[in-house]
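Chains as they are written, first to last, in my numbering: chain L, 1 to 399; chain W, 400 to 600. Cβ atoms here follow ideal geometry from the backbone N, Cα and C, with glycine treated the same way. One structure is given below, encoded as structure tokens.
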Amino acid sequence: MVTLEKIAHLANDCKFDSLGPEAQVDGEKLSMLGEGTRHDVCASTFTPRSPDLPGICHSFTQDGRCVSLFKTLYTNYCSHQCNYCTNATNCSRKARAFTYTPEELASITLSLYRGNYIEGLFLSSGSGRNEDVVMEKIVETARLLRQKHAFAGYIHLKILPGASLSHIQEAMELADRVSINLEASSPSHMNEMSATKNYETDIIQRQRYIRDLMSKTDRKVSLPAGQTTQLVVGAGAESDLEIFKRILYEYREIGVKRAYYSAFSPQKGTPFESRAPQQRWREHRLYQMDWLYRIYHFHPREIGNAFDEDGFLENADPKMAIARQLMDTPADPNVASYGELLRIPGIGPRSAQRIVALRKKQQILGKADLAALGVRIKRAAPFLKINGWRDTTLQMWSA
Amino acid sequence: MRVPDSFLYYLSAHADCSERLLARAGDLTALDLEVLPDADARRLRKMVFEVQAETHRMKAFVRLKPLGRHVLYGYLKPKNRIANRVCDHFARRNPGTIIVLGNGRESWISLLCDGRLMREHGSGMTQTLERLASALHDSVEGRDTEVESIWKTYYDSQYCPERKNLRVFRQRMPRKDQDSAGLRLQESKENVTLEDFFAKI
Numbered sequence: 001m002v003t004l005e006k007i008a009h010l011a012n013d014c015k016f017d018s019l020g021p022e023a024q025v026d027g028e029k030l031s032m033l034g035e036g037t038r039h040d041v042c043a044s045t046f047t048p049r050s051p052d053l054p055g056i057c058h059s060f061t062q063d064g065r066c067v068s069l070f071k072t073l074y075t076n077y078c079s080h081q082c083n084y085c086t087n088a089t090n091c092s093r094k095a096r097a098f099t100y101t102p103e104e105l106a107s108i109t110l111s112l113y114r115g116n117y118i119e120g121l122f123l124s125s126g127s128g129r130n131e132d133v134v135m136e137k138i139v140e141t142a143r144l145l146r147q148k149h150a151f152a153g154y155i156h157l158k159i160l161p162g163a164s165l166s167h168i169q170e171a172m173e174l175a176d177r178v179s180i181n182l183e184a185s186s187p188s189h190m191n192e193m194s195a196t197k198n199y200e201t202d203i204i205q206r207q208r209y210i211r212d213l214m215s216k217t218d219r220k221v222s223l224p225a226g227q228t229t230q231l232v233v234g235a236g237a238e239s240d241l242e243i244f245k246r247i248l249y250e251y252r253e254i255g256v257k258r259a260y261y262s263a264f265s266p267q268k269g270t271p272f273e274s275r276a277p278q279q280r281w282r283e284h285r286l287y288q289m290d291w292l293y294r295i296y297h298f299h300p301r302e303i304g305n306a307f308d309e310d311g312f313l314e315n316a317d318p319k320m321a322i323a324r325q326l327m328d329t330p331a332d333p334n335v336a337s338y339g340e341l342l343r344i345p346g347i348g349p350r351s352a353q354r355i356v357a358l359r360k361k362q363q364i365l366g367k368a369d370l371a372a373l374g375v376r377i378k379r380a381a382p383f384l385k386i387n388g389w390r391d392t393t394l395q396m397w398s399a
Numbered sequence: 400m401r402v403p404d405s406f407l408y409y410l411s412a413h414a415d416c417s418e419r420l421l422a423r424a425g426d427l428t429a430l431d432l433e434v435l436p437d438a439d440a441r442r443l444r445k446m447v448f449e450v451q452a453e454t455h456r457m458k459a460f461v462r463l464k465p466l467g468r469h470v471l472y473g474y475l476k477p478k479n480r481i482a483n484r485v486c487d488h489f490a491r492r493n494p495g496t497i498i499v500l501g502n503g504r505e506s507w508i509s510l511l512c513d514g515r516l517m518r519e520h521g522s523g524m525t526q527t528l529e530r531l532a533s534a535l536h537d538s539v540e541g542r543d544t545e546v547e548s549i550w551k552t553y554y555d556s557q558y559c560p561e562r563k564n565l566r567v568f569r570q571r572m573p574r575k576d577q578d579s580a581g582l583r584l585q586e587s588k589e590n591v592t593l594e595d596f597f598a599k600i
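Here it is as structure tokens:
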């Protein structure tokens with residue numbers, strides 16, 4: 001029989017000291033370095049370890065974005081000259097420089113993790129005076145957490161542009177996920193945005209290092225959640241098609257798990273201060289395009305139909321645009337294949353699976369059956385022909 | 400597919416679940432529940448999803464405060480019978496630490512020690528904590544205020560005003576689930592404009 005007293009006694013006997021060191025932090029530093037990462041979008045915490053670490057969103061800010069990681073910079077001192085960034089050397093309204101120590105970061109992470117505020121740590125940084133020194137501190141923080149405090153939570157480490165191969169390997173041995181931000185879609189757009197970063201050697205080459213380390217057979221790195229990347233959208237003049245081509249390369253050649261898009265918003269004091277902010281919807285449409293490739297497995301040639309002649313996506317569902325171009329005849333949900341169902345607007349992977357499962361048991365009789373499976377009928381109806389019946393469209397009248 | 404194979408567990412944890420309902424659901428498979436379009440299946444499916452959603456939100460929203468060296472406690476008053484599962488989740492997350500979740504009326508205690516999970520169901524939370532403190536002969540001083548202020552500073556630093564989207568905020572942090580977990584992350588007044596007020600009605 002388990003009693004409260006027995007539980008108390010056992011806990012007393014547990015050798016494991018789960019209490020981390022006391023966290024004492026300068027509030028201004030916490031706030032400044034926290035602000036430095038608010039444009040980093042990646043907040044995913046799911047990682048396929050054994051057992052899986054679930055993705056949990058602990059809270060949301062009033063901009064509707066999830067806060068599930070202690071997302072911070074190691075230092076906001078940076079020697080790069082990126083025209084969109086407030087920490088860059090050419091920013092005229094730079095804030096005071098702050099730097100954490102690995103011990104401080106570890107203790108904040110542990111206390112927040114224990115209190116169930118976060119799932120883990122997301123550590124990015126300015127490059128400091130020398131990126132090797134900062135990379136070493138980033139790795140040191142992860143090592144403290146994993147090895148000294150047996151931290152089982154999620155760790156996402158940023159690889160700084162130009163980081164050395166050995167630091168990348170060390171980071172990969174400790175983290176669940178690492179990432180290096182592309183920021184731009186091509187070397188020429190990168191030159192427009194930053195005078196100091198070399199696109200090919202500082203960024204793409206480091207991504208290849210990560211890919212090669214992951215594919216080694218005798219590897220010590222497991223990196224369960226893989227590598228990701230992020231682009232700033234709309235700071236330069238790149239088109240959506242250019243972004244799409246770059247992303248295809250990233251998925252196929254580099255093997256990134258997923259890409260994030262962050263709409264550009266001008267920051268005070270930076271050379272890009274007077275540029276117009278990018279509309280949020282562009283970010284949204286790029287994500288939809290990304291989903292069509294990654295989750296729906298559309299062929300890039302099909303997705304190509306969604307771009308206009310200048311290579312931009314409209315502010316409308318790209319899947320609808322593709323269906324209008326390519327779907328000549330309506331599909332019957334009772335006979336259409338999974339791939340055909342997936343191409344109908346309003347039907348996603350889950351509802352397509354459900355349709356396939358239901359029609360093995362019984363015939364699909366009407367739109368109400370489909371609605372119960374989660375199909376968005378308003379969008380799907382023009383492309384459906386259920387048991388020979390289809391909705392009347394204006395086109396049919398004009399024909 | 401969203402209905403898990405263990406859907407009967409979720410169904411039985413629902414506040415409105417009865418023996419008759421369970422017996423009827425016992426004849427169905429997870430796949431039936433997922434796809435069948437009749438009203439009965441849809442109702443059961445909805446109940447399973449409600450319990451799943453509440454379990455998930457409680458794992459996310461409940462905040463734990465330390466009491467001495469061995470205890471973490473937090474407020475929980477769920478609509479469905481999910482407290483045990485949530486408590487076990489926290490015990491697995493913090494091995495060797497006693498987790499106490501509860502409210503004024505009842506409390507749930509879990510501990511993972513040497514790979515064994517132990518559970519206990521007690522009366523009101525204050526009483527349970529007092530009993531534990533005396534059994535542990537431990538100091539009961541709290542460090543919670545400090546962590547809470549670290550969190551507040553950090554949370555505020557993550558907000559991008561130019562992206563304000565209160566609709567999504569309200570949808571992701573429903574008031575009823577925040578109440579069940581004793582969480583207060585409401586819209587702060589200075590961020591709310593007249594426009595938001597009209598969007599609400």
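Using a 10 Å radius around the Cβ and a threshold of 16 neighbouring Cβ atoms, would you call residue i buried or exposed?
i, result
"L144 of chain L", "buried"
"R583 of chain W", "exposed"
"A235 of chain L", "buried"
"W550 of chain W", "buried"
"Q557 of chain W", "buried"
"P48 of chain L", "exposed"
"P387 of chain L", "The sequence given here has Asn at residue 387 of chain L, not Pro. Exposed, by the Cβ-count rule."
"Y249 of chain L", "exposed"
"I203 of chain L", "buried"
"D415 of chain W", "exposed"
"E170 of chain L", "buried"
"G473 of chain W", "buried"
"Q62 of chain L", "buried"
"N479 of chain W", "buried"
"K389 of chain L", "Here the sequence assigns Trp to residue 389 of chain L, which means Lys is not the residue at that position. So W389 of chain L counts as exposed."
"D212 of chain L", "exposed"
"S417 of chain W", "exposed"
"A97 of chain L", "exposed"
Between which two residues does the beta strand (DSSP E) holding residue i run?
i, result
"H149 of chain L", "Element bounds for H149 of chain L: n/a, residue is neither H nor E."
"F70 of chain L", "69-73"
"V434 of chain W", "Premise fails: V434 of chain W lies in the alpha helix (DSSP H), 429-434, not in any beta strand (DSSP E)."
Identify every residue that forms a DSSP beta bridge with residue i.
i, result
"Q230 of chain L", "L:Y260"
"I168 of chain L", "The partner list for I168 of chain L (beta bridge, DSSP) is empty, contrary to what the question assumes."
"L384 of chain L", "L:A331"
"W389 of chain L", "L:I386"
"E183 of chain L", "L:L231"
"F60 of chain L", "L:C66"
"S194 of chain L", "L:C82"
"L313 of chain L", "L:F307"
"R177 of chain L", "L:H156"
Got a sec, what are the start and stop residues for the alpha helix (DSSP H) residue i sits in?
i, result
"V402 of chain W", "Element bounds for V402 of chain W: n/a, residue is neither H nor E."
"S31 of chain L", "27-35"
"V567 of chain W", "565-571"
"S50 of chain L", "Counting along the chain, S50 of chain L falls outside any alpha helix (DSSP H), and DSSP gives it neither H nor E."
"H9 of chain L", "4-13"
"S351 of chain L", "349-361"
"R275 of chain L", "From DSSP, R275 of chain L is part of no alpha helix (DSSP H); its letter is neither H nor E."
"G339 of chain L", "338-342"
"I249 of chain L", "A small correction: the amino acid at residue 249 of chain L is Tyr; Ile does not occupy that position in the sequence shown. Here the alpha helix (DSSP H) through Y249 of chain L covers 240-249."
"A372 of chain L", "367-372"
"R574 of chain W", "574-579"
"P271 of chain L", "From DSSP, P271 of chain L is part of no alpha helix (DSSP H); its letter is neither H nor E."
Residue j and residue i - do their beta-carbons sit closer together than 8 Å?
i, j, result
"F406 of chain W", "V447 of chain W", "yes"
"L4 of chain L", "T525 of chain W", "no"
"V375 of chain L", "S351 of chain L", "yes"
"E283 of chain L", "A306 of chain L", "no"
"G126 of chain L", "T45 of chain L", "no"
"T454 of chain W", "V499 of chain W", "no"
"M400 of chain W", "Q353 of chain L", "yes"
"I254 of chain L", "Q205 of chain L", "no"
"T552 of chain W", "G153 of chain L", "no"
Cβ-heavy atom distance between residue i and the ligand MG below 7 Å?
i, result
"L231 of chain L", "By its list of ligands, the structure shown contains no ligand whatsoever, and the ligand MG lies outside what it can speak to."
_Which complete alpha helix (DSSP H) runs does the segment 82-161 of chain L hold, if anything under 4 residues is left out?_
102-114, 131-143
*Please list the segments of the alpha helix (DSSP H) lying wholly inside the segment 460-534 of chain W, counting only runs of 4 or more residues, in order along the chain.*
Listed in chain order, they are 482-492.
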